[in-house]
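**Student:** Could you have a look at this structure, given as structure tokens, before my questions?
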Amino acid sequence: MASLTPIRRIDGLRDYVRGQRAEGRRVGLVPTMGALHDGHLSLVEAIGKQVDAVIVSIFVNPIQFAAHEDLDTYPRHEAEDLEKLAATCATAVFAPSAGEIYPTGFATSVAVEGPAMGLETDIRPHFFAGVGLVVTKLLLQALPDLAIFGEKDYQQLLVIRRIVSDLDIPVEIVGGPIIREADGLAMSSRNSYLSSGQREIAGRLNLVLRELAEASDPPDIAEAKAHDALLEAGFSAVDYACVRDAETLALPDKRTARRRALIAARLGDIRLIDNMEVR
Ligand code: AMP
Numbered sequence: 058m059a060s061l062t063p064i065r066r067i068d069g070l071r072d073y074v075r076g077q078r079a080e081g082r083r084v085g086l087v088p089t090m091g092a093l094h095d096g097h098l099s100l101v102e103a104i105g106k107q108v109d110a111v112i113v114s115i116f117v118n119p120i121q122f123a124a125h126e127d128l129d130t131y132p133r134h135e136a137e138d139l140e141k142l143a144a145t146c147a148t149a150v151f152a153p154s155a156g157e158i159y160p161t162g163f164a165t166s167v168a169v170e171g172p173a174m175g176l177e178t179d180i181r182p183h184f185f186a187g188v189g190l191v192v193t194k195l196l197l198q199a200l201p202d203l204a205i206f207g208e209k210d211y212q213q214l215l216v217i218r219r220i221v222s223d224l225d226i227p228v229e230i231v232g233g234p235i236i237r238e239a240d241g242l243a244m245s246s247r248n249s250y251l252s253s254g255q256r257e258i259a260g261r262l263n264l265v266l267r268e269l270a271e272a273s274d275p276p277d278i279a280e281a282k283a284h285d286a287l288l289e290a291g292f293s294a295v296d297y298a299c300v301r302d303a304e305t306l307a308l309p310d311k312r313t314a315r316r317r318a319l320i321a322a323r324l325g326d327i328r329l330i331d332n333m334e335v336r
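If you count the sequence shown from 1, you need to add 57 to reach the working numbering.
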């Protein structure tokens, strides 16, 4: 199993991509914040079926965290991440410092509306500006043929597709399915924060989400039932439990072709999100 030495500099990343292209190889990018689990690794394997070289980026993006959020305590396990990646089809790791991505004097932002409006933005107003900027930078730095993002962060996936389309970034964006624990809890680096009691409650989120996605009640009643069921299960607060247009995240109406059920709920300071297609 060949070990992977992280590329730390943007010019090193560009040299790597240039070398791959010179050999006629198609390149894929998997952006992550590290603390890798099987959800991340599934994206690596999925994109590996479509390209010849797979770059995994590991960067805990400081600007997508608000001052009161968990930037300082966010799990960082680079050595373990590199070991996990060595057992996959990843061919390179890009793990820059914060100073490499945001050098002194950095003054540019990426503002996105459309699918970024509402849901996560109601709770984390800074979030998609931070994600949008770092993803735009990573895509422009690597200019891969493909980049893959998990449906776990469904609104994020739509926001990234919007940015890539609006800014004519020549990269195909692919979505990967949500990978879950045995009880249905969507894998997340933040699940490591859960106490054993919270972990048990967390497993209920997926059941409530399924009920919401399969409900035959009118949407406002189904959403209210999901909200109450989450509180009854032991969640301390519900940020949203709703069904939206799967392509725009607008409120659905009779013309909506595809719908998505989305939930964000809290266990103390820990926020869990999940979503599911409405069939
Ligand atoms: P993160 O490290 O949390 O920023 O996630 C990096 C990428 O992995 C994003 O595209 C996420 O949507 C994706 N991801 C995270 N958790 C999962 C999961 N359980 N299943 C599939 N993809 C995931």
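Yeah, the Cβ is synthetic: ideal placement off N, Cα and C, and Gly gets one too.
These figures come from a predicted structure and were not determined experimentally.
So does the stretch 114 to 129 actually touch the stretch 73 to 81, counting three or more Cβ pairs closer than 8 Å?
**Tutor:** With the cut-off at 8 Å, the stretch 114 to 129 and the stretch 73 to 81 do not touch.
**Student:** Given this structure, state the Cα-to-Cα distance separating Pro119 from Ile67, to the nearest angstrom.
**Tutor:** Computed Cα separation, rounded: 18 Å.
**Student:** Indicate whether the contact test is met: 3 or more Cβ pairs, each with one atom in the stretch 108 to 119 and one in the stretch 230 to 250, closer than 8 Å.
**Tutor:** Taking 8 Å as the limit for Cβ pairs, the verdict is that the stretch 230 to 250 does not touch the stretch 108 to 119.
**Student:** For His284 and Ala322, what's the separation of their Cα atoms in angstroms?
**Tutor:** Cα-Cα distance, rounded: 9 Å.
**Student:** In its own chain, which residues sit with a C-beta less than 6 Å from the C-beta of Pro132, not counting the 5 before and 5 after it?
**Tutor:** Correct list, in chain order: Ala92, Ser246, Ser249.
**Student:** For ligand 1, is there any heavy atom lying closer than 6 Å to the beta carbon of Asp68?
**Tutor:** No, since every heavy atom of ligand 1 falls outside the 6 Å radius drawn around the Cβ of Asp68.
**Student:** What residue range does the beta strand (DSSP E) around Ser293 cover?
**Tutor:** Run containing Ser293: none; DSSP gives neither H nor E here.
**Student:** Check whether the Cβ atoms of Leu203 and Gln121 sit closer than 7 Å, and answer yes or no.
**Tutor:** Result no, Cβ atoms of Leu203 and Gln121 do not sit closer than 7 Å.
**Student:** Whose C-alpha, out of Thr193, Pro276, Gly69, is nearest the C-alpha of Asp223?
**Tutor:** Per the Cα distances, Thr193.
**Student:** Nearest-angstrom Cα distance between Gly96 and Arg336?
**Tutor:** Going by the C-alpha atoms only, they are around 23 Å apart.
**Student:** Need the endpoints of the alpha helix (DSSP H) that Ser253 sits in, please.
**Tutor:** Taken as a continuous stretch (DSSP letters only), the alpha helix (DSSP H) holding Ser253 covers 253 to 271.
**Student:** Which residue comes first and which comes last in the alpha helix (DSSP H) that contains Val216?
**Tutor:** Where Val216 is concerned, the enclosing alpha helix (DSSP H) stretches over 211 to 223.
**Student:** If you drop the 5 nearest sequence neighbours on each side, which residues of the same chain put their C-beta closer than 7 Å to that of Ala100?
**Tutor:** Inspection of the sequence shows that residue 100 is occupied by Leu rather than by Ala. Correct list, in chain order: Val87, Ile205, Gly207, Gly233.
**Student:** Can you say whether Pro153 is buried or exposed, counting buried as having 16 or more other CB atoms within 10 angstroms of its CB?
**Tutor:** So Pro153 ends up on the buried side.
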